[in-house]
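Letter by letter, the sequence shown follows residues 1 to 420 of UniProt numbering.
Even for Gly, the Cβ is constructed at its ideal location relative to N, Cα and C.
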Amino acid sequence: MGAALVLATLSPAQAQQAPSASMQGSFVSAAASSHPALWLPGRISAAAVKTVQTTANLNLRAKPATSGKKLAVIPKGTKLTVGSTKPGWSQVRYAGKTGWASSTYLRAVPTKASPAIKRGDLGKSTVALKLRRQANTTSKALATVPKAGIYTVKKVSAGFSQITSRGKTGWVQSKYLKVVAKKPGREIYIDKKYTSNRAGLTDRYWTRVSGSDLYESVKGKIRIGDIPRNSVVYRDKKMEKTAGSVKGWIFVRTQGMSGWMKTIQLARKTTATTNPGKYSAKTVLAQINGKVPERMLVAIGWDKEKTLIAAPAVKDLNRLNAAFKKKFGHNLDIDLAYRTRATQDAYWVELGPYVAARPGTSNHGWGTAIDVPETYNYSFRGKYHKWLKANSKKFNWVHRKILEEGSPYAEAWHFDYVGK
Ligand SMILES: [Zn+2]
């Protein structure tokens, strides 16, 4: 299963966020009406003119009048934040003193407008928000979204963004979502997609306790998931920094979700790339699908951080890779092998029976299946697929008939392990 299918379930709607009347601050209209020449031409929003710069050495006065007591001299070129305005005067704070400066010598410094949020972006809630059934402010509120939660925007529609919070999908006002990460490439990440190092993440931890808690926001302490013991989580330092680092917590991506975890629930591990326990495929297949013990799963030698695979299958996979590399000059790309039960359930809900296997039945749940990418060379007509289809069985990996082109279950990228 691949990312493109996940994306295909999303609406292509890309409405720009409409500017809201409430964004026009009162001090702007006051200034604009009394001293239109003072500010940059055109209608500018409050957010864009809060920051000003002095165009001369300027007196800071106690009152908005030339008769006001002089509190300080503000040097030319100083950047200031305007609190409020009176005709001809702006209230500013300088050197610990709040006073008034002549607006004639203040020039607006346009601040960077925050970019419009788009489908696939990650947004951080700047306030606690109502999650509504529809993209308006009047439909039923499904839940309250905490402040500082981070969400993948699934759709956008005229000033509203569709997100999922604590299992509920609904709409919030886009203006209260700060873009913290732009939509990554399709190989990277989207809600409910298996999370590996596709986001470029390599800082891997393992959960130490059963039911490790994943939180939507640290401060809000909203619990959004319990991650099974010995699950791999990837620390996303960039996101952590953007969201605001908190001691004792890290921001992780795991099992198709992202959120905060307590570091005390995590441990560092290294993963074998061979089969030191000498487990057989039969032993692995006797485990509960999606709940294979950690010791029976290993990393893929040439891409250790990406995905885990059933230990007995790794030797044949290495042989397959060696042959592939000899032919094409580079390693076989593998997007996914082992998938936990929770991830399978999420896929089932999101993608349905033609794309996702019924939870508990996929060979991914035993780590005995691999998915290669969906890029052209790996597609049905591509050279890699053709070669794999013809050669993989020599190494006990097969592309099943039911997945062939033309079948309703067609998947060029999925290969199953049939060895011992
Ligand atoms: Zn697959």
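Assign residue i to one of three DSSP states: helix, strand, or coil.
i	result
LYS327	helix
ALA135	coil
ASP333	coil
ILE74	strand
TRP366	helix
LYS394	helix
THR85	strand
VAL52	strand
GLN173	strand
ARG208	coil
LYS389	helix
TYR279	coil
VAL284	helix
LYS178	strand
SER165	strand
VAL372	coil
LEU403	helix
TYR215	strand
TYR378	helix
ALA128	coil
ASP303	coil
ASN289	coil
THR242	helix
ALA311	helix
ASN321	helix
ASP316	helix
ILE117	coil
ILE222	coil
Any heavy atom of ligand 2 inside 8 Å of the beta-carbon of residue i?
i	result
ILE309	Of the ligands this structure carries, namely ligand 1, none is ligand 2.
Comparing alpha-carbon positions, which option in the options lies nearest residue i?
i	options	result
SER254	LEU129, THR98, VAL232	With the sequence shown as reference, residue 254 is identified as Thr, and Ser is not the correct amino acid for it. Of the listed residues, the one whose Cα sits closest to THR254 is VAL232.
PHE380	TRP413, ALA148, ILE309	TRP413
THR51	ARG223, GLU411, LEU106	LEU106
residue 497	GLY248, THR78, SER245, LYS63	Past the edges of the chain, shown from 1 to 420, lies residue 497, and the structure says nothing about it.
LEU320	LYS269, ALA158, LYS394, THR54	LYS394
ARG268	THR169, TRP206, SER280	TRP206
ASN57	SER407, VAL284, SER102	SER102
VAL209	TRP302, ARG61, THR263	THR263
PRO87	LYS76, ARG93, LEU71, ALA65	ALA65
ILE309	GLU294, ILE150, MET239	GLU294
THR164	GLY382, ASP203, ILE334, GLY123	GLY123
TRP171	VAL179, GLY159, VAL153, LEU131	LEU131
ALA148	ASN363, LYS70, SER217	SER217
THR169	THR55, TYR279, LYS154, GLY159	LYS154
Taking buried to mean at least 16 other C-beta atoms within 10 Å of its own C-beta, is residue i buried or exposed?
i	result
THR340	buried
ARG93	exposed
ARG204	buried
ARG235	buried
VAL73	exposed
THR307	buried
TYR378	buried
ARG61	buried
ALA243	buried
PRO75	exposed
ILE250	buried
Checklist entry - When the Cβ atoms of the region 115-124 are set against those of the region 134-145, are three or more pairs found closer than 8 Å? => result no
Next on the checklist: Under 8 Å, with one C-beta from each stretch per pair, do the region 261-281 and the region 308-322 reach the 3-pair mark?
Outcome noted: yes
Checklist entry - Between the region 122-133 and the region 91-104, do at least 3 Cβ pairs fall closer than 8 Å? => result no
Checklist entry - At a cut of 8 Å, does the region 321-335 reach the region 361-369 through at least three beta carbon pairs? => result no
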